[in-house]
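Here's the structure we're looking at; comments come further down.
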DNA sequence: AATTTTCATTTGTCAGACAATTAAAAGTCT
DNA sequence: AGACTTTTAATTGTCTGACAAATGAAAATT
């Protein structure tokens, strides 16, 4: 295998791309062992350090895992839902925090996606999902809850709703939308009154899901979306006046 | 800064995590320069190679970029939509190809998410989006089109639909759902008859978007989703019989 | 003042060494 | 023979030192 030495990219980036393409194309099955670092260095005609930097890039994307020892090496990693989840959350969080996305835009995307899950969740949710939703609504009503804890419970509630659809691909796709909103929501200080209203809306959603009424769940989500946007607007306006 | 030497993880992974946390927390603004590799090596009390491996991990996630020269170094990178897009597509493609996800599950997730965009797209689409959709429908009718080209045009059509919603966060979230389906769709050989039907359904969607009729767009998407699943089922059944 | 040259800084790459880990192979004892 | 221990070989992880390449800033020159 050869690498273009006149390219603008680093050698390690080029090698990482070459190996990544091989993996993504499906030419290397899961758990297949890559050649050892020394062999790769020889194949690509670079030093071992350069190969190592390339492998670390791939490891950062969960494409490979490495193991020491006699039968060790780098292996094609099966990308698990959990890994894909956390990658998605990190990426989404950074995207939102670094690109001056308005609260309205993020909110709109989040609730549009969540509404896509609601009818499926109403049909398929297990008692477990319902119990989680109820438990989180109850937790949200506890006195003395910090804003962070309230937001975390909010995320857990919505995740249960999404997971209720019983479609892991959908859950994965929604991970970023649901979880990356938390940092934005944490910017809002909830008054007792607004918490009460949100808890009531959550209760309504849980009722609809329990009744397996997709349309009602959708309507309740719309209400929650509208209230969230309204709440954010009033909070930001209050801050603008103060500043 | 110190690193736990008894941890099971590699030093480079620990250092990457430490720096990543700093960036994600927002403590380092975009375009801020990290300490030089030599300084980081001293701070973490490791060699420069170890620091470099950590930095390559972060670069693989588009969290930093590096530059050579006197005023060079590693800089906190603004995560661009384009970067987030391609990461999402890679991750989604791998997730689908490595986890025995059924065509039905993937399809359900894809169309559920796309339906979430349809009403917004009907309201907000620009003439550009509409023109792209029409152009792709036309391309799909050209004789002699390969299956790959037909699928690529299919993806372009749906991307225009999604982008029509005018919400970049939504477009980002849908990137995986829309694009990662292509490898799955490429497994299907389209007959002339099925292409004709799909083109007609696409035309119907475009009509609804043009008329800014969200409900009609939704209904057309449901039709397309049903036909796609039906098509896949018949193709897979035919293969099972042959084998 | 404009241009060219020099220089210092920083990342990119290489070579070689040793430590740590691990499983297989070889050896040893019962 | 079988169970246990020791040795060995392979492989990744880490360190050190070196040099090349790029690049902006400073110094020198015209």
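Residue numbers (this note's numbering), protein chains in the order written: chain U, 2 to 244; chain F, 2 to 244.
Beta carbons: idealized from backbone N, C-alpha and C, even for Gly.
Here the structure is a predicted model, which is why all the values come from computation and not from measurement.
C-beta neighbour in chain F for residue 121(U), strict 8 Å: yes
How big is the Cα-Cα spacing for residue 108(F) and residue 122(F)? 20 Å
Supposed contact pair residue 215(U) and residue 119(U) - C-beta distance, whole angstroms, cut 8 Å: 6 Å
Nearest chain F C-beta to residue 145(U) closer than 8 Å, yes or no? no
Is residue 74(U) helix, strand or coil when you go by DSSP? strand
Residue 48(U) to residue 95(U) span [Cα, whole Å]: 34 Å
Going by CA-CA distance only, name the one from 185(F), 184(F), 145(F), 136(F) that's closest to residue 162(F). 136(F)
8 Å is my cut-off, CB to CB: does residue 126(U) come that close to chain F? no
Is the separation between the beta-carbon of residue 210(F) and that of residue 131(F) shorter than 8 Å? yes
List, from N- to C-terminal side, the beta strand (DSSP E) runs of 3 residues or more that fit wholly inside the stretch 30-97 of chain U. 65-68, 74-77
Exposed or buried, what is residue 187(F) when buried is set at 16 or more other beta-carbons lying within 10 Å of its beta-carbon? exposed
Comparing the C-beta of residue 62(U) with each C-beta of chain F, is any distance below 8 Å? yes
Nonlocal neighbours in the same chain, by C-beta distance under 6 Å from residue 31(U), ignoring five residues either side: 77, 79
With H, G and I counted as helix, E and B as strand and the rest as coil, what does DSSP make of residue 144(F)? coil
If we ignore side chains and look at the alpha-carbon of each, how far apart do residue 200(U) and residue 134(U) end up? 11 Å
With distances taken Cα to Cα, identify the nearest neighbour of residue 225(U) among 202(U), 238(U), 103(U). 202(U)
I'd like to know if the stretch 138-145 of chain U and the stretch 138-148 of chain F are in contact, where contact means that at least 3 CB-CB pairs between them fall below 8 Å. no
Pick helix, strand or coil for residue 189(U), following the three-state DSSP scheme. coil
Grouping DSSP H, G and I as helix and E and B as strand, with all else coil, what is residue 170(U)? helix
Inter-stretch contact (C-beta, 8 Å, three-pair minimum) for the stretch 175-185 of chain U and the stretch 149-156 of chain U: yes
Between which two residues does the alpha helix (DSSP H) carrying residue 15(F) extend? 12-25
For residue 54(F), count neighbouring Cβ atoms within 10 angstroms of its own Cβ and tell me buried if that reaches 16, exposed if not. buried
Return the first residue and the last residue of the alpha helix (DSSP H) that residue 9(F) is part of. Neither: residue 9(F) is in no alpha helix (DSSP H) and is coded neither H nor E.
Is residue 164(U) helix, strand or coil when you go by DSSP? helix
Using a cut-off of 7 Å between C-beta atoms, extract the partners of residue 177(F) located in chain U. 174
Which one of 192(F), 160(F), 168(F) has the shortest CA to CA distance from residue 148(F)? 192(F)
Answer yes or no: does any C-beta atom of chain F fall closer than 8 Å to that of residue 109(U)? yes
Do residue 174(U) and residue 174(F) come within 8 Å of each other at the CB atom, strictly closer than that value? yes
With residue 16(U) and residue 45(U) assumed to form a contact (beta carbons below 8 Å), what rounded beta-carbon distance in angstroms separates them? 5 Å
Buried versus exposed call for residue 233(U) [16 or more other C-beta atoms within 10 Å across all chains shown]: buried
Under DSSP, the alpha helix (DSSP H) around residue 110(U) begins and ends at which residues? 104-125
Starting from residue 94(U), find everything on chain F with Cβ-Cβ shorter than 7 Å and list it in chain order. 25
Any Cβ of chain F within less than 8 Å of the Cβ of residue 99(U)? yes
Consult DSSP for residue 129(F) and reduce its assignment to one of helix, strand or coil. helix
Contact set between residue 10(U) and chain F, taken where Cβ atoms lie within less than 9 Å: Correct list: empty, because the minimum Cβ distance to chain F is about 11 Å.
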